[in-house]
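Working notes, beginning with the structure itself.
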Amino acid sequence: MAGACFLALPAWGEDLAPQEVVTFRSAKAAGMLREGENGYLEPGPGLDAGGRSLMERVNALRRERYVELSRREGVPLEAVEGAAAARLRRP
């Protein structure tokens, strides 16, 4: 259901400028951005204002995609968010 359809979503990186992608990856690798249990990013220790702004932008892009998928597949938004969280939090 939502889990299988979620795999069809494009990566959020395509909606970010190249430098934002580098910043995003660096912040995640340093633990300043973490994947939350709800399918959205959460701030980690040391996240500055620029990082927080990027986190909010990525979360807004994710929400747009989750809402789109929820409507298209006729499943609750929470189900899509949960499937995304499970996929994004996988080691």
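Just so you know, we're using our numbering here: the sequence shown kicks off at 18 and counts up by one.
We treat Cβ as the ideally placed atom computed from N, Cα and C, and that holds for glycine.
Keep in mind it's a predicted model, so treat the numbers as computed, not measured.
Secondary structure of R104 (DSSP, three-state): helix.
Annotation: L78 is outside any beta strand (DSSP E); the continuous alpha helix (DSSP H) that includes it extends over A66 to E90. According to the DSSP assignment, P35 belongs to the alpha helix (DSSP H) that extends over P35 to A46. Counting C-beta atoms within 10 angstroms of its own C-beta, R79 has 16 or more neighbours from the protein chains shown and is therefore classed as buried.
Non-local beta-carbon contacts of Y83 in its own chain, meaning distances under 8 Å to residues more than five positions away in sequence, involve G56, L94, V97, E98 and A101 in chain order.
Spanning the alpha carbons of L50 and G91 requires a straight line of approximately 31 Å. In terms of Cα proximity to G63, the closest of M72, T40, G48 and G53 is G48. Taken atom to atom, the span from the alpha-carbon of R104 to that of L86 is near 15 Å. With fewer than 16 other CB atoms across the displayed protein chains lying within 10 angstroms of its CB, A46 is exposed.
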